[in-house]
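Here is the structure we will look at, set down as structure tokens.
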Amino acid sequence: RTSVDGSGGEERLTDSPHQQFLHDVSRDGKFALFSQVSPSAAMDLWFLPLTSGDRKPRPFLATRFAEWGARFSPDGRWVTYLSNESGRDEVYVRPFPGPGGRWQVSIDGADFGFFAGNGREIFYRSSDGTRIMSVEVQTERLWQRADREGNAQIWGLLGVQKEAAFASRRVIVVVEELVDESVIRAD
12 RTSVDGSGGE
22 ERLTDSPHQQ
32 FLHDVSRDGK
42 FALFSQVSPS
52 AAMDLWFLPL
62 TSGDRKPRPF
72 LATRFAEWGA
82 RFSPDGRWVT
92 YLSNESGRDE
102 VYVRPFPGPG
112 GRWQVSIDGA
122 DFGFFAGNGR
132 EIFYRSSDGT
142 RIMSVEVQTE
152 RLWQRADREG
162 NAQIWGLLGV
172 QKEAAFASRR
182 VIVVVEELVD
192 ESVIRAD
């Protein structure tokens, strides 16, 4: 780090023999997100605390696939990123710093993705560059409940899961709470 006015010296924040690509810094300035090329030649997502005494990089997402292009949501609780885990580049979102699942946002390939300033939409560009897409999101805690007959309610960040469920003949839902059928029917 160095001062904007040029005074002071630079401060090295990471030390790695592998290539690193800075993607984003949280709005509150507490964390940086970056990709690092792993020894297997895939890229993994890392985060770096910027304000605490322990400025040690930590893995955010390390898989056998490539992950890159990470961006914080405006409130810093979610991260969009690109991954090729589906066989093509797609936008995903997951809670920061974790734990939690991940949700696929794009459905036909993408080459970047980020949250709108209000945090209620994720924008991305199609992988062929011919379309700019917008997906409305709800970033409150995902909550799932069902009755004993399997009627379910799901709130929160859903991505394309809702459409996939409607298109399926059979869906398995793991819920956090079993409730009476009258609760499900009342909503």
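At position 125 of the sequence shown the residue is numbered 136 (our numbering), and the sequence of numbers has no breaks. Ideal Cβ placement from N, Cα and C applies to all residues, glycine included.
Check	Outcome
Distance CB(Gly-128)-CB(Ser-117) smaller than 9 Å	no
Burial state of Leu-168, where buried means 16 or more other Cβ atoms lie within 10 Å	Any reading at Leu-168 must be qualified, since the residue scores a pLDDT of 49, below 50, and its modelled position is unreliable; the value itself is stated next. Classification for Leu-168: buried.
Helix, strand or coil at Ser-145 according to DSSP, with G and I counted as helix	strand
Distance, Glu-132 Cα to Leu-24 Cα	31 Å
Reduced DSSP category for Val-102 - H, G, I as helix; E, B as strand; rest coil	strand
Backbone secondary structure at Val-194 - three-state DSSP	helix
As assigned by DSSP and simplified to three states, the class of Val-36	strand
Inter-residue Cα distance where the pair is Gly-40 and Phe-83	11 Å
Residue from Ala-157, Phe-126, Gly-120 with nearest C-alpha to Gly-140	Gly-120
Beta-carbon proximity of Leu-61 to Phe-42, cut-off 9 Å	yes
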